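Asks: If you read the sequence shown in this note's numbering, its first letter stands for residue 4, the second for the next number, and so on.
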Amino acid sequence: EGWFGSQTTELTLEPNATETISFTGNVSAVNGGNPIILTVVPIHHPERSKTISVDGFTSPLAIDEDLIPNSFRLDEPYPNPFNPATIIQYSIYNEQNILLQVFNISGQLVETLVNGTASAGQHSILWSSGQISTGIYFIKMSTDLHCQTRKVLYLK
Numbered sequence: 004e005g006w007f008g009s010q011t012t013e014l015t016l017e018p019n020a021t022e023t024i025s026f027t028g029n030v031s032a033v034n035g036g037n038p039i040i041l042t043v044v045p046i047h048h049p050e051r052s053k054t055i056s057v058d059g060f061t062s063p064l065a066i067d068e069d070l071i072p073n074s075f076r077l078d079e080p081y082p083n084p085f086n087p088a089t090i091i092q093y094s095i096y097n098e099q100n101i102l103l104q105v106f107n108i109s110g111q112l113v114e115t116l117v118n119g120t121a122s123a124g125q126h127s128i129l130w131s132s133g134q135i136s137t138g139i140y141f142i143k144m145s146t147d148l149h150c151q152t153r154k155v156l157y158l159k
């Protein structure tokens, strides 16, 4: 058996539509190629079917230490000012409990975006404005050992 099990799935597309197909597999014990065969069959003209065959190759994997952050960081949200949403990115150096909250200018909690365990690495979350008023808001990320805050401006 290859690095992913055999799968048969049907996908129907309208004319001029596009779709992305992703493959995910476990390559821990496999070194070499695996055939990936895709067959496209037009519903109204099955005689025009096309088959595409490609080989997926793998090699032994290693962890790229440069990709694991070595610090706690809350990046500047973007866009800022924003309407209707902003992306909040943060990095942590090990698995830990994260609390990511939004406060208004008066210090009142507006929304809790994350409250739970996050793995080491970079993360991002989209915050949609919902029913908030135009104004300044503070995004606060905290763990047991660290705390960082960023300011955002929501404009209607």
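Using N, Cα and C, we set each Cβ at its ideal position, and we do this for glycine too. In this text the structure is predicted, and so the values were computed from the model without any measurement.
Determine the direct distance from the alpha carbon of threonine 21 to that of proline 3, and round the result to whole angstroms.
Replies: No answer is possible for residue 3: it lies beyond the span of the chain, which begins at 4 and ends at 159.
Asks: Quick one: give me the first and last residue of the beta strand (DSSP E) that serine 127 is part of.
Replies: Taking the first residue of the sequence shown as position 1, residue 127 is located at position 124. Looking at the DSSP string, the run of the beta strand (DSSP E) that includes serine 127 is 124-131.
Asks: Report yes or no: do three or more beta-carbon pairs, one from the region 99-118 and one from the region 133-144, lie closer than 8 Å?
Replies: Touching, yes.
Asks: Would you check if the region 115-134 and the region 91-106 touch, i.e. whether three or more CB-CB distances between them fall below 8 Å?
Replies: Yes, the region 91-106 is in contact with the region 115-134.
Asks: Where threonine 152 and threonine 23 are concerned, what is the direct C-alpha to C-alpha distance, given to the nearest angstrom?
Replies: Residue 152 sits at position 149 when you count from the first residue of the sequence shown. Residue 23 sits at position 20 when you count from the first residue of the sequence shown. Distance between the alpha carbons of threonine 152 and threonine 23 is about 37 Å.
Asks: Buried or exposed, going by whether 16 or more other CB atoms sit within 10 Å of the CB of threonine 89?
Replies: Walking along the sequence shown from the start, residue 89 turns up at place 86. Looking at its Cβ environment, which holds 16 or more other Cβ atoms inside 10 Å, threonine 89 is buried.
Asks: What did DSSP end up calling glutamate 13 once you bin it into helix, strand or coil?
Replies: For this step, residue 13 is matched to residue 10 along the sequence shown. It is coil, neither helix nor strand.
Asks: Got a sec, what are the start and stop residues for the beta strand (DSSP E) glutamine 111 sits in?
Replies: Walking along the sequence shown from the start, residue 111 turns up at place 108. Premise fails: glutamine 111 is in no beta strand (DSSP E) and is neither H nor E.
Asks: Can you give me the Cβ contacts of serine 132 inside the same chain, cut-off strictly under 6 Å, excluding the 5 residues immediately before and after it?
Replies: In the sequence shown, the residue the question calls residue 132 occupies position 129. Counting only Cβ-Cβ distances below 6 Å, and skipping sequence neighbours, we find Pro87 and Tyr157.
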